[in-house]
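Novice: Let me give you the structure first, and then I'll get to my questions.
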Amino acid sequence: MISHDPVKPSRMTLVFIYTCPFCQNEVMIPAPLEPSNVRCGSCRNVFPIVPVDGPTVQYIHTMLLNGRAAAVTD
Ligand SMILES: [Zn+2]
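For the sequence shown, my numbering assigns the number 21 to the initial residue and increments by one for each residue that follows.
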């Protein structure tokens, strides 16, 4: 079954990019709010990341109505 009406985004997530210190591969992490260790998908090494600020992320979500306000209309 195919829907004929294009679907708008229902919500969003902010993705942050961290450069692996071992191989310079870019690792994409959706809004990491706590310090944690991530594994590089390329070289498989693990490295700690600096988290992002929760209120800042929340502000952007609010500004974009959790992504719905960013949808192209017409
Ligand atoms: Zn790496």
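Just so you know, even glycine gets a beta-carbon here, dropped at the ideal spot from N, CA and C.
Assuming V66 contacts L34 under a Cβ cut-off of 8 Å, what Cβ separation, rounded to an integer in Å, is found between them?
Specialist: On the sequence shown, residue 66 is found 46 positions in, with the first residue counted as 1. On the sequence shown, residue 34 is found 14 positions in, with the first residue counted as 1. Going by Cβ atoms, the distance from V66 to L34 rounds to 23 Å, so no, they are not a contact pair.
Novice: Hey, how far is the Cα of S30 from the Cα of E54?
Specialist: To locate residue 30, count along the sequence shown from 1; it is residue 10. To locate residue 54, count along the sequence shown from 1; it is residue 34. C-alpha separation (whole angstroms): 25 Å.
Novice: Taking 7 Å as the line, does the beta carbon of N57 fall inside it for any heavy atom of ligand 1?
Specialist: Sequence index remark: in the sequence shown, residue 57 carries index 37 (1-based). Because no heavy atom of ligand 1 lies under 7 Å away, the Cβ of N57 does not count as near it: no.
Novice: Along the chain, where does the beta strand (DSSP E) that runs through I69 open and close?
Specialist: Against the sequence shown, residue 69 aligns to sequence position 49. Segment 66-69, the beta strand (DSSP E) holding I69.
Novice: Name the DSSP bridge partner or partners of F170?
Specialist: Residue 170 lies beyond the range of the chain shown here (21 to 94); nothing can be said about it.
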